[in-house]
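So the structure is just underneath, and the comments pick up after that.
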Amino acid sequence: MPIVHLPVLAREVNELLALQKGGIYVDATVGLGGHSEMMLNMIGQDGRVIGLDRDEAALKKTAERLNDNRVTLKKTTFSSMEESMHSLGIHSVDGILFDLGVSMMQLRDAARGFSFLSEERLDMRMDSALSFSAWDVVNTYSEEELVRILREYGEEFRAARIVRAVMRSREEKTIDTCAELAGIVSRAVGRSGRTHPATRVFQAIRIEVNRELDELRTGLDASLRMLKQGGRLCVISYHSLEDRIVKNFMRDNAKAGHVRQLTKKPIVASREEMRVNPSSRSAKLRGAEKA
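Under this note's numbering, the first residue of the sequence shown is numbered 2, with each subsequent residue one higher.
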């Protein structure tokens with residue numbers, strides 16, 4: 002089935018970025034190009050969009066989907082974003098957007114090992130060229146390391162109980178698939194409500210594999226250096242750890258006089274958007290303008 006990509010908070014991002022004709026904008030998590038497409042509709046024929054992502058499969062699909070000479074797509078991480086932009090001859094931009102969610106394409110591709118239901122090998126790499134994967138975390142980390150990442154990155158209060166179950170399973174055989182791990186977690190803590198009990202576990206492991214929080218901090222610092230005076234930064238986050246980093250970054254830089262905060266509180270999706278696009282339910286949008 003074709004994957005229809007609905008960009009989250011598209012109207013709100015459009016307004017917050019204050020897109021200008023002829024401007025240069027960075028979609029730092031281009032994914033399938035939903036937000037980039039919106040930008041192209043606003044920036045005129047002389048504008049330019051630089052779409053960045055570390056998922057090569059997503060970049061290929063986006064190149065085919067957008068097929069626009071105003072778009073430049075490049076594989077890179079947040080920590081290499083500034084270097085990648087300089088390699089394109091770009092040293093300052095009018096706006097930068099980070100949409101930190103996992104793409105529906107990644108979740109639906111069982112071979113990528115993000116889904117609870119996947120019978121494929123535990124993976125969760127956003128960049129498939131990396132050698133380190135979720136399998137390595139689950140099967141080689143010590144009990145103490147696993148408890149730490151579940152508590153720190155998943156905010157999972159049942160971390161110790163879950164990890165004990167993982168360690169018992171590891172004594173018998175390696176834990177190879179997403180479905181195996183999800184089953185171990187479900188049996189350890191039970192299941193109630195609509196949210197799968199392994200949700201926070203998978204989040205924590207994914208963050209560890211992709212070093213997402215360190216990458217985010219580095220990317221935010223780089224974005225401030227790349228923005229022109231008056232340029233705007235928008236960030237959509239989907240869980241409290243990311244949102245806390247973004248909130249603190251904007252607050253601290255506002256106090257230092259480097260930016261003007263555009264959002265006192267995060268912007269969230271309307272009820273109508275949540276109905277049409279359930280992935281928007283946990284989205285929080287924050288924005289700042291470079292002073």
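We put the beta carbon where it would ideally sit given N, CA and C, even for glycine.
Quantities reported herein were computed from a predicted structural model and do not represent experimental measurements.
Please name the residue or residues paired with residue i in a DSSP beta bridge.
i    : result
Y154 : Note: Y154 sits in no beta bridge, so no partner.
A289 : L234, Q262
K76  : D54
D100 : I237
L123 : Paired residues: none, contrary to the question.
T294 : Nothing can be reported for residue 294, as the shown portion of the chain is limited to 2 through 292.
R49  : I25
Does the separation of the CB atoms of residue i and residue j fall below 8 Å?
i    : j    : result
R55  : M127 : yes
G96  : V72  : no
V139 : I163 : no
G220 : L17  : no
V260 : E216 : no
A166 : R188 : yes
M102 : Y239 : The sequence shown places Gly at residue 102, rather than the Met named in the question. Cβ distance < 8 Å, so G102 and Y239 count as in contact.
V14  : N278 : no
I246 : R218 : yes
G231 : V94  : no
S241 : E156 : yes
L263 : T178 : no
DSSP state of residue i, grouped into three classes?
i    : result
V27  : strand
K265 : coil
K248 : helix
F203 : helix
R71  : coil
T196 : coil
T63  : helix
R169 : helix
D177 : coil
M2   : Below a pLDDT of 50, predicted positions are generally treated as unreliable, and M2, at 40, falls in that range; no measurement from the model is reported.
L7   : coil
L33  : coil
D95  : strand
L228 : strand
D128 : coil
G90  : coil
V138 : helix
S19  : Rather than Ser, the amino acid found at residue 19 in this sequence is Ala. Here A19 sits in coil by DSSP.
A183 : helix
S81  : helix
N278 : coil
I163 : helix
A257 : coil
M43  : coil
L118 : coil
To the nearest angstrom, report how far apart residue i and residue j are at their CA atoms.
i    : j    : result
H92  : M227 : 6 Å
A29  : L20  : 16 Å
G45  : G23  : 6 Å
F99  : E173 : 42 Å
G194 : A11  : 30 Å
E181 : S119 : 9 Å
G191 : P198 : 7 Å
A255 : L7   : 32 Å
D69  : V50  : 10 Å
D244 : S280 : 16 Å
D222 : S116 : 31 Å
E38  : T77  : 20 Å
G184 : L131 : 26 Å
Y26  : V210 : 29 Å
S224 : R276 : 32 Å
P3   : R66  : Per-residue confidence for P3 stands at a pLDDT of 45, beneath the threshold of 50, marking its modelled position as unreliable; no derived number is given.
S143 : A205 : 15 Å
R252 : R171 : 44 Å
A284 : E145 : 31 Å
A257 : V148 : 36 Å
V5   : V31  : Note on V5: pLDDT 49, under 50, position unreliable in the model; the coordinate value appears next. Going by the C-alpha atoms only, they are around 14 Å apart.
A160 : L151 : 6 Å
H87  : A59  : 22 Å
V186 : M40  : 41 Å
R272 : R207 : 29 Å
L234 : E57  : 24 Å
E121 : K265 : 43 Å
E153 : F250 : 19 Å
Say whether chain C places a C-beta atom closer than 8 Å to the C-beta of residue i.
i   : result
G90 : The displayed structure is made up of one protein chain only, and chain C is not part of it.
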